[in-house]
Amino acid sequence: MNRFTFLEPTTAIPLALAVAILGTLLIAFNSRRPNLRDGLMVATAITLFAVVLQILPAVLAGDRPGVTLFELLPGLNIAFEVEPLGMVFALVASGLWIITSLYSIGYMRGTHEVRQSRFHACFAVALFSALGIAFSENMFTLFIFYEVLTLSTYPLVAHKGNSAAKKGARTYIGLLLSTSIGFQLVAIVSTWWLTGTLSFTDGGIMEGHVAHGLGALLLVLYIYGIGKAALMPFHRWLPAAMVAPTPVSALLHAVAVVKAGVFTILKVSTYIFGHDYLSELWTAELLMYIAAFSLLAASLVALQKDNLKARLAYSTVSQLSYITLGAMLANELATIGGGMHIVMHAFGKITLFFCAGAIYVASKKTLISEMDGLGRRMPFTMGAFLLGALCVIGAPPMGGLWSKWHLVLGAAEAGQVLMIMVFMLSTLLNIAYLLMPVVRAFLMPPTDGYRGGIREAPALCVVPLCMTALGCVVLFLAADPLRVMLGGIFGN
Numbered sequence: 006m007n008r009f010t011f012l013e014p015t016t017a018i019p020l021a022l023a024v025a026i027l028g029t030l031l032i033a034f035n036s037r038r039p040n041l042r043d044g045l046m047v048a049t050a051i052t053l054f055a056v057v058l059q060i061l062p063a064v065l066a067g068d069r070p071g072v073t074l075f076e077l078l079p080g081l082n083i084a085f086e087v088e089p090l091g092m093v094f095a096l097v098a099s100g101l102w103i104i105t106s107l108y109s110i111g112y113m114r115g116t117h118e119v120r121q122s123r124f125h126a127c128f129a130v131a132l133f134s135a136l137g138i139a140f141s142e143n144m145f146t147l148f149i150f151y152e153v154l155t156l157s158t159y160p161l162v163a164h165k166g167n168s169a170a171k172k173g174a175r176t177y178i179g180l181l182l183s184t185s186i187g188f189q190l191v192a193i194v195s196t197w198w199l200t201g202t203l204s205f206t207d208g209g210i211m212e213g214h215v216a217h218g219l220g221a222l223l224l225v226l227y228i229y230g231i232g233k234a235a236l237m238p239f240h241r242w243l244p245a246a247m248v249a250p251t252p253v254s255a256l257l258h259a260v261a262v263v264k265a266g267v268f269t270i271l272k273v274s275t276y277i278f279g280h281d282y283l284s285e286l287w288t289a290e291l292l293m294y295i296a297a298f299s300l301l302a303a304s305l306v307a308l309q310k311d312n313l314k315a316r317l318a319y320s321t322v323s324q325l326s327y328i329t330l331g332a333m334l335a336n337e338l339a340t341i342g343g344g345m346h347i348v349m350h351a352f353g354k355i356t357l358f359f360c361a362g363a364i365y366v367a368s369k370k371t372l373i374s375e376m377d378g379l380g381r382r383m384p385f386t387m388g389a390f391l392l393g394a395l396c397v398i399g400a401p402p403m404g405g406l407w408s409k410w411h412l413v414l415g416a417a418e419a420g421q422v423l424m425i426m427v428f429m430l431s432t433l434l435n436i437a438y439l440l441m442p443v444v445r446a447f448l449m450p451p452t453d454g455y456r457g458g459i460r461e462a463p464a465l466c467v468v469p470l471c472m473t474a475l476g477c478v479v480l481f482l483a484a485d486p487l488r489v490m491l492g493g494i495f496g497n
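Numbering (our numbering), first residue to last: 6 to 497.
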């Protein structure tokens, strides 16, 4: 330990998981005392982030602290090990949970939602699952937490309890469970049978054990089995889940669910297949083209959506494909770019969804065509929306510039000129569908006859979205430490 830590990393790993579960129980047991319940939720989020931070110095020093809980079969353990990519995901998930907790309180109270205790408890379980995914030492452990994440977020998607919510939740859980059990589990069992291990290993575990033809098939099973990455055509669960309250949308798009998906894709491509082996598989290039198609097609669909949350949902489908495409490029620059994009997109997209929720709380508007002149009424919210949009677009001075820059460099290193053109075209489409709400809000006159002053959402909605918008700027100025940490994946 050093002077900045008070826990050994091997103690902090299981303790972080325990804190999330304890927080879940405290939230559930205080359902009739909302002020205490909400206070405990925020306290749990802060404590969890503080515990996760105890692991950071060891990872920065080049160590990979780990702990094994028990062994089921030879080569099949419930075990944890924190490497740079997992550290980044854990920091994003636990850090943004603090801000999301504050926002959830303001939103849920502002809209007078029912079953708030169940909502917050399921939220805590989802964060427990996300940390389990981030800390997993092997694909078996990751799969268990991956499924817990799916099950714990189902009640959140179905929260409103109406027919639309139930239908959206059925699509959500149906697609995620069918892909993970039908594809991913088959790939995991096959990998264990062929290699004798599922541990995440530098350089991968396939070379010398799995013929390239079979490896090409396993790659397809893995990538489509990781349904949370929303690669077309298994992306419909994501727009369907937009029936959930906005804090859930933020959880799905920024804090846990989709980030767990693309995080898993990066882990599988780097530590299960390995770049050298992956680059020799013909399905890697096929999946690269499918990701490129998803990237552009989702952007074109987003352009057609008038509902703000639906537009943001298809934007997420597109942005996730940036990371999947980067993984299939199979080189260091693209992998680092994909890891950086997890962080940059998390801050940009959570800002946009926070803004969408604040707009609904303050004005009950959900359609972009209804937002003319809204910037005069909600200048802080729409100003933050602009910053979040610029981050997702990848424009300076926002952090998204650096992740997209590294992805483009990775495509250049791989000699994929067409992929560079795809990235560029997608960025132009990002501008078209993300800046239109800002243009209408600030440059068009109000159409609802509103002539009053500023009338923002409650402070617990507005302050968090301003914080995440500021984070988009900070990430532009302080991106190098993130790049250096992710370089540790390759011993740089």
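C-beta: ideal position from N, C-alpha, C; glycine also.
Please return the same chain residues whose Cβ sits closer than 7 Å to the Cβ of Leu180, not counting the five positions on each side in sequence. In the sequence shown, residue 180 corresponds to position 175, counting from 1. Cβ neighbours of Leu180 beyond the five flanking positions: Gly232, Phe239, Arg241, Trp242.
What's the C-alpha gap between Ala400 and Glu76? As a position in the sequence shown, residue 400 is number 395, starting the count at 1. As a position in the sequence shown, residue 76 is number 71, starting the count at 1. About 48 Å.
The alpha helix (DSSP H) spanning Ala48 covers which residue range? For the purposes of this step, residue 48 is taken as the residue at position 43 of the sequence shown. First-last of the alpha helix (DSSP H) with Ala48: 39 to 58.
Three-state secondary structure (DSSP) at Thr288? Numbered from its first residue, the sequence shown carries residue 288 at position 283. DSSP places Thr288 in helix when its eight states are reduced to three.
From Leu292, Met92, Ile60, Ala48, pick the residue whose C-alpha is nearest to that of Trp102; which is it? Position 97 of the sequence shown, counted from the start, is the residue given in the question as residue 102. With distances taken between Cα atoms, Trp102 lies closest to Ala48.
Between which two residues does the beta strand (DSSP E) holding Glu142 run? Counting from one through the sequence shown, the residue named residue 142 turns up at place 137. Careful: Glu142 lies outside any beta strand (DSSP E) and carries neither H nor E.
Please identify the residue among Leu357, Gly405, Val366, Lys409 whose C-alpha is closest to the C-alpha of Gly388. Start at 1 with the first residue of the sequence shown, and residue 388 comes out as number 383. Measuring from the Cα of Gly388, the nearest candidate turns out to be Leu357.
Quick check on DSSP: helix, strand or coil for Ser204? In the sequence shown, the residue the question calls residue 204 occupies position 199. Strand, per DSSP.
Cα-Cα separation, Glu496 to Glu86: Position 491 of the sequence shown, counting from 1, holds the residue named residue 496. Position 81 of the sequence shown, counting from 1, holds the residue named residue 86. Here residue 496 turns out to be Gly, not Glu, going by the sequence shown. Spanning the two alpha carbons is a distance of roughly 16 Å.
Is there a C-beta anywhere in chain B that falls below 8 Å from the one on Trp410? You won't find chain B in this structure, because it holds only one protein chain.
For the putative contact between Gly380 and Ala446, defined by C-beta atoms under 8 Å, what is the C-beta separation to the nearest angstrom? As a first step, residue 380 is located in the sequence shown; it is residue number 375 there, counting from the start. As a first step, residue 446 is located in the sequence shown; it is residue number 441 there, counting from the start. Indeed, because the Cβ distance is near 4 Å, the residues count as touching under 8 Å.
First and last residue of the uninterrupted beta strand (DSSP E) at Phe75: In the sequence shown, residue 75 corresponds to position 70, counting from 1. 71 to 78 is the span of the beta strand (DSSP E), which, as asked, contains Phe75.
Would you please state the rounded distance, in angstroms, between the beta carbons of Met424 and Ala297? I believe it to be under 8 Å. Taking the sequence shown and counting its residues from 1, one reaches residue 424 at position 419. Taking the sequence shown and counting its residues from 1, one reaches residue 297 at position 292. Yes, Met424 and Ala297 are in contact; Cβ-Cβ is about 6 Å, under 8 Å.
Ile18 and Ile51: beta carbons closer than 8 Å? The sequence position of residue 18 within the sequence shown is 13, counting from 1. The sequence position of residue 51 within the sequence shown is 46, counting from 1. No, the Cβ-Cβ distance between Ile18 and Ile51 is not below 8 Å.
Just the C-alpha distance for Tyr403 and Arg37, rounded to the nearest angstrom, thanks. Numbered from 1 along the sequence shown, position 398 holds the residue referred to as residue 403. Numbered from 1 along the sequence shown, position 32 holds the residue referred to as residue 37. This sequence places Met at residue 403; Tyr is not what is there. Approximately 42 Å, taken between the alpha carbons.
Which of helix, strand or coil does DSSP assign to Ile83? Residue numbering aside, residue 83 sits at position 78 when the sequence shown is read from its first letter. Reduced to three states, the DSSP call for Ile83 is strand.
On the DSSP bridge assignment, give the partners of Asn312 in chain order. Taking the sequence shown and counting its residues from 1, the one referred to as residue 312 is at position 307. Paired residues: Leu372.
Answer with buried or exposed for Ala437, where buried requires no fewer than 16 other C-beta atoms within 10 angstroms of its C-beta. Residue mapping note: residue 437 aligns to position 432 of the sequence shown, counting from 1. Looking at its Cβ environment, which holds fewer than 16 other Cβ atoms inside 10 Å, Ala437 is exposed.
Give the straight-line distance between the Cα atoms of Thr432 and Leu412, rounded to the nearest whole angstrom. Here residue 432 is taken as the residue at index 427 of the sequence shown, counted from 1. Here residue 412 is taken as the residue at index 407 of the sequence shown, counted from 1. Those two C-alpha atoms are separated by around 13 Å.
Specify, as a first and last residue, the run of the alpha helix (DSSP H) that Glu13 falls within. Residue mapping note: residue 13 aligns to position 8 of the sequence shown, counting from 1. Counting along the chain, Glu13 falls outside any alpha helix (DSSP H), and DSSP gives it neither H nor E.
Contacting residues, own chain, Cβ-Cβ under 8 Å from Lys185 (five flanking each side not counted): Position 180 of the sequence shown, counting from 1, holds the residue named residue 185. According to the sequence provided, residue 185 is Ser. The question's Lys does not apply to it. Contacts found: Phe148, Tyr151, Glu152, Thr155, Gly230, Ile231, Gly232.
For Ser274 and His280, I'd like the C-alpha separation in whole angstroms. Indexing the sequence shown from 1 puts residue 274 at position 269. Indexing the sequence shown from 1 puts residue 280 at position 275. The straight-line gap from Cα to Cα measures roughly 7 Å.
Around the Cβ of Met349, are there at least 16 other Cβ atoms within 10 angstroms (buried) or fewer (exposed)? The count along the sequence shown starts at 1 and reaches residue 349 at position 344. Per the 10 Å Cβ criterion, buried.
Compute the beta-carbon to beta-carbon distance between Thr473 and Phe385, rounded to the nearest angstrom, for a pair I have assumed lies under 8 Å. In the sequence shown, the residue the question calls residue 473 occupies position 468. In the sequence shown, the residue the question calls residue 385 occupies position 380. Not quite, the Cβ-Cβ distance comes to about 13 Å (not below 8 Å), so this is no contact.
Which class does Leu22 belong to by DSSP, given the choice of helix, strand or coil? Counting from 1 along the sequence shown, the entry for residue 22 is found at position 17. Helix.
Starting from the Cα of Trp407, find the closest Cα among Gln421, Ala95, Phe205, Phe481 and give me that residue. Stepping through the sequence shown from its first residue, residue 407 is reached at position 402. Ranking the options by Cα distance to Trp407, first place goes to Phe481.
Cβ shell of Glu337 (< 6 Å), same chain only, five flanking positions each side left out: In the sequence shown, counting from the first residue as 1, residue 337 sits at position 332. Only Phe495 meet the Cβ criterion.
Whole-angstrom distance between Met46 and Leu439, CA atom to CA atom: Against the sequence shown, residue 439 aligns to sequence position 434. Against the sequence shown, residue 46 aligns to sequence position 41. Rounded to whole angstroms, Leu439 to Met46 spans 32 Å at the Cα level.
Limits of the alpha helix (DSSP H) - the one that His240 falls within: By 1-based counting over the sequence shown, the position of residue 240 is 235. Neither: His240 is in no alpha helix (DSSP H) and is coded neither H nor E.
Check whether the stretch 284 to 294 and the stretch 204 to 221 touch, using three or more Cβ-Cβ pairs below 8 Å as the test. yes
For Pro451, which three-state DSSP category applies? Here residue 451 refers to the residue found at position 446 of the sequence shown. Here Pro451 sits in coil by DSSP.
Relative to the ligand GDP, is the shortest distance from any of its heavy atoms to the C-beta of Ala484 smaller than 7 Å? Among the ligands in the structure shown, none appear at all, so the ligand GDP cannot be discussed.
With a floor of 4 residues, list each alpha helix (DSSP H) that falls wholly inside the stretch 345 to 422, ordered by position along the chain. 379 to 382, 384 to 398, 405 to 418
Under a Cβ-count criterion, where at least 16 other Cβ atoms within 10 Å of its own Cβ denotes burial, should Ala499 be classed as buried or exposed? Nothing about residue 499 can be reported from this structure: the residues present for the chain run from 6 to 497 only.
Go to Arg175, then tell me how far its alpha helix (DSSP H) extends in each direction, as first and last residue. The residue you call residue 175 lines up with position 170 of the sequence shown. That run of the alpha helix (DSSP H) goes 168 to 184.
Can you name, in chain order, every residue of its own chain whose Cβ lies under 8 Å from the Cβ of Ile469, other than the five neighbours on each side? Sequence index remark: in the sequence shown, residue 469 carries index 464 (1-based). The amino acid at residue 469 is misidentified as Ile; the sequence shows Pro. These residues qualify, in order along the chain: Ile104, Thr105, Leu107, Tyr108, Gly111, Phe359.
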